[in-house]
Amino acid sequence: AVSGYTGGTLVNPTYEQVCNSETGHAEAVEVTYDSEKVSYERLLEVFWMNHNPTTLNQQGPDRGSQYRSVIFTHSVAQMDIAQALIKDLDKEKIWPRPIVTEVLPAPIFWPAEIEHQEYFANNPRQPYCQAVVGPKAAKLRQVFATRLKPA
232 AVSGYTGGTL VNPTYEQVCN SETGHAEAVE VTYDSEKVSY ERLLEVFWMN
282 HNPTTLNQQG PDRGSQYRSV IFTHSVAQMD IAQALIKDLD KEKIWPRPIV
332 TEVLPAPIFW PAEIEHQEYF ANNPRQPYCQ AVVGPKAAKL RQVFATRLKP
382 A
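Residue numbers in the sequence shown follow my numbering, run continuously in steps of one, and reach 382 at the last position.
Structural data, given as structure tokens:
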């Protein structure tokens, strides 16, 4: 996984530019995976569990268009799967409000600066990591415990 920015207008944006909502980019993660080992559907399951897909331009305490809920797809098949899952999840009423997650073709992805790569692993004592990221990571480890590789 690579942290970065996508979906905006500026070539090679910086963290500061994206955070100031100057570029139209979303903070994003580009995930490269082996479909023989994990399905696209399983990756989306992790996505749904890791954030609130019902808030427009907000994730937890973070607000702005760079925090919008969006899935950038690399094929028509991925787009169809993501849209079908959204429809199914909305029908199941898992969240109290409708899903606002956009599903769009993937534009150019710009990797974030080196200090933003592996941020949680490299900054476990940072207050945001302890208060926000840590609990999310713990929840995912618990839910997917049987699928994790031993450390």
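Glycine residues also receive a C-beta, built at the ideal position from the N, C-alpha and C atoms.
Here the structure is a predicted model, which means the values were calculated and not measured.
Buried/exposed call for residue i, threshold 16 Cβ in 10 Å
i: Val249; result: buried
i: Pro292; result: exposed
i: Leu316; result: buried
i: Pro244; result: buried
i: Thr332; result: buried
Three-way DSSP call (helix, strand, coil) for residue i in this model
i: Ala337; result: coil
i: Gly365; result: helix
i: Thr377; result: helix
i: Pro244; result: coil
i: Val331; result: coil
i: Pro355; result: coil
Alpha-carbon spacing of residue i relative to residue j, whole angstroms
i: Arg378; j: Lys268; result: 11 Å
i: Arg356; j: Gly365; result: 10 Å
i: Arg328; j: Phe303; result: 22 Å
i: Leu335; j: Leu274; result: 16 Å
i: Gln325; j: Ser252; result: Going by the sequence as given, residue 325 is Ile instead of Gln. Between Ile325 and Ser252, the C-alpha separation is close to 30 Å.
i: Gln348; j: Lys318; result: 33 Å
i: Pro284; j: Ser266; result: 24 Å
i: Thr286; j: Ile312; result: 21 Å
i: Val242; j: Met280; result: 31 Å
i: Arg372; j: Gln290; result: 20 Å
Ignoring anything shorter than 3 residues, give me the beta strand (DSSP E) runs that lie fully in the stretch 291-326, in order along the chain. Listed in chain order, the complete beta strand (DSSP E) runs (minimum 3 residues) inside the stretch 291-326 are 301-304.
Examine the Cβ distances between the stretch 338-356 and the stretch 232-250 and report whether three or more of them are shorter than 8 Å. yes
Are three or more beta carbon pairs between the stretch 250-267 and the stretch 285-305 nearer than 8 Å? yes
Which residue spans inside the stretch 256-296 form an unbroken beta strand (DSSP E) run of at least 3? 257-261
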